[in-house]
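*Asks:* I have a structure I would like to understand better, so I am pasting it below and will then ask my questions one at a time.
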Amino acid sequence: MRALRAIFRKVMDTVFLRRCKICNSIIAEEGERHICMGCWRNITLIGKPLCSCCGKPLQISYDLSEGLNDYICGTCREKHPIFDSARSICRYDGVLKELIHVYKYNRVKSLGNDFVSLIIDHIKSGNAIHPRPNIIMYVPLHRGKLKERGFDQSYILARGIGNYLNIPLITDNLSKSMETEPQVKLSGNERLRNVRGAFMVKKPDEIRKINLLLIDDVFTTGTTVNECAGVLKRAGTARVDVLTLARTV
Ligand SMILES: [Zn+2]
Ligand SMILES: [Zn+2]
Numbered sequence: 009m010r011a012l013r014a015i016f017r018k019v020m021d022t023v024f025l026r027r028c029k030i031c032n033s034i035i036a037e038e039g040e041r042h043i044c045m046g047c048w049r050n051i052t053l054i055g056k057p058l059c060s061c062c063g064k065p066l067q068i069s070y071d072l073s074e075g076l077n078d079y080i081c082g083t084c085r086e087k088h089p090i091f092d093s094a095r096s097i098c099r100y101d102g103v104l105k106e107l108i109h110v111y112k113y114n115r116v117k118s119l120g121n122d123f124v125s126l127i128i129d130h131i132k133s134g135n136a137i138h139p140r141p142n143i144i145m146y147v148p149l150h151r152g153k154l155k156e157r158g159f160d161q162s163y164i165l166a167r168g169i170g171n172y173l174n175i176p177l178i179t180d181n182l183s184k185s186m187e188t189e190p191q192v193k194l195s196g197n198e199r200l201r202n203v204r205g206a207f208m209v210k211k212p213d214e215i216r217k218i219n220l221l222l223i224d225d226v227f228t229t230g231t232t233v234n235e236c237a238g239v240l241k242r243a244g245t246a247r248v249d250v251l252t253l254a255r256t257v
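Residues in the sequence shown are numbered from 9 upward in steps of one, following the working numbering.
Here it is in C-alpha cells:
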C-alpha cells in the first residue's frame with residue numbers, strides 16, 4: 009500500500025511538477041513543502057543572544073552571551089511592554105518576506121503548513137516556549153479582511169502549533185472589531201493610533217488567570233501584539249507570551 013502511494017505521488021509530481029514558490033525550480037524531494045531546499049536554507053533563523061523581553065536579537069561582537077539571559081533592551085526598558093515575552097522564529101527579510109507576501113496577498117493558504125513546520129523545528133531544537141501556556145490564541149483579522157483573503161494566516165499558524173504542543177486553541181474570544189491599516193506602512197505613533205481599541209475580548213471568564221500564548225505572523229514594533237496583550241490582561245489573563253513567525257530586525 010505504501011509502495012503504491014509512493015508510486016502515485018511520483019506520477020502526480022511528474023504530471024503536476026511541484027515548483028518552488030520563490031525560485032520556480034522543480035522540487036524533487038518528498039514531502040509537502042512548497043519551496044525548494046535551497047530557498048528554505050536561505051531563511052534566517054533568529055538565535056541567541058536576545059532581549060529577554062521582546063526577543064530582539066542583540067548585536068554583540070564579544071562573548072558575553074552567558075551573562076545575557078536576563079538582558080532587557082533599551083526599547084523595552086523605556087516602554088515596558090504589556091506582554092510578558094515575545095519570540096520570533098526568523099527574520100522578516102529575503103526569502104521569508106517574499107513567502108509571507110505570497111501567503112497573504114497571493115492567498116497561497118497551503119504555505120501555512122511550511123511555516124508551521126519551520127516553527128515546530130525551532131521549538132524542537134530547544135527554543136522552547138516557557139512557561140508552558142494553558143491556551144493558545146492568535147491575533148485575528150477583521151471580518152471584512154477575512155472574507156477578502158479567505159483564510160486567517162495567523163489562525164493557521166496557531167492551529168499547527170496547538171496541535172503539535174497539544175494545547176487548546178481558542179478561536180472565538182479575541183476579535184478585531186475595527187478595520188486597520190497594515191502596520192508595516194506606518195510610523196511609530198501612527199501604529200499606536202491605528203490599533204488602539206481595535207481588539208476586544210468576548211468571554212473574559214474563559215481566559216481569566218491563565219497563561220496564554222499569542223500567535224501572530226510578523227512582529228514589527230510589537231504594537232499590535234502589545235495592544236492585544238493589554239486587552240487580554242484587562243480581561244484577567246495572567247500571562248501573555250507572544251510567538252511570531254517573523255520579525256523585522
Ligand atoms: Zn527555491
Ligand atoms: Zn526588548
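Think of the CB as a built atom: it goes at the ideal place given N, C-alpha and C, for glycine as much as any other residue.
Assuming residue 222 and residue 146 are in contact, meaning their beta carbons sit under 8 Å apart, how far apart are those beta carbons, in whole angstroms?
*Replies:* 7 Å
*Asks:* For ligand 1, enumerate in chain order all residues having a CB closer than 7 Å to any of its heavy atoms.
*Replies:* Result (chain order): 28, 30, 31, 33, 43, 44, 46, 47.
*Asks:* Can you tell me whether residue 68 sits near ligand 3, meaning its C-beta is under 8 Å from at least one heavy atom of the ligand?
*Replies:* With respect to ligand 3, the structure offers nothing, as its ligand set consists of ligand 1 and ligand 2.
*Asks:* In the DSSP assignment, the alpha helix (DSSP H) including residue 219 goes from what residue to what residue?
*Replies:* Segment 219-227 is the beta strand (DSSP E) holding residue 219; no alpha helix (DSSP H) there.
*Asks:* Could I get the ranges of all uninterrupted beta strand (DSSP E) runs contained in the segment 142-186, with 3 residues as the minimum, in chain order?
*Replies:* Counting only runs of 3 or more, we get 143-146, 182-184.
*Asks:* Suppose the cutoff is 8 Å on Cβ atoms and the five residues either side in sequence are ignored; what does the same chain contact list for residue 187 look like?
*Replies:* Contacts found: 150, 152, 153.
*Asks:* Less than 8 Å between the CB atoms is what I'm expecting for residue 215 and residue 181, so what's the real figure, rounded?
*Replies:* 6 Å
*Asks:* Between residue 80 and ligand 2, is the CB less than 8 Å from at least one heavy atom?
*Replies:* yes
*Asks:* Name, in chain order, the residues that DSSP records as bridge partners for residue 65.
*Replies:* 58
*Asks:* Report, in whole angstroms, the separation of the C-beta atoms of residue 47 and residue 61, which I expect to be a contact under 8 Å.
*Replies:* Not really, about 32 Å apart at Cβ, beyond 8 Å.
*Asks:* Alpha carbon to alpha carbon, how far is residue 33 from residue 205?
*Replies:* 45 Å
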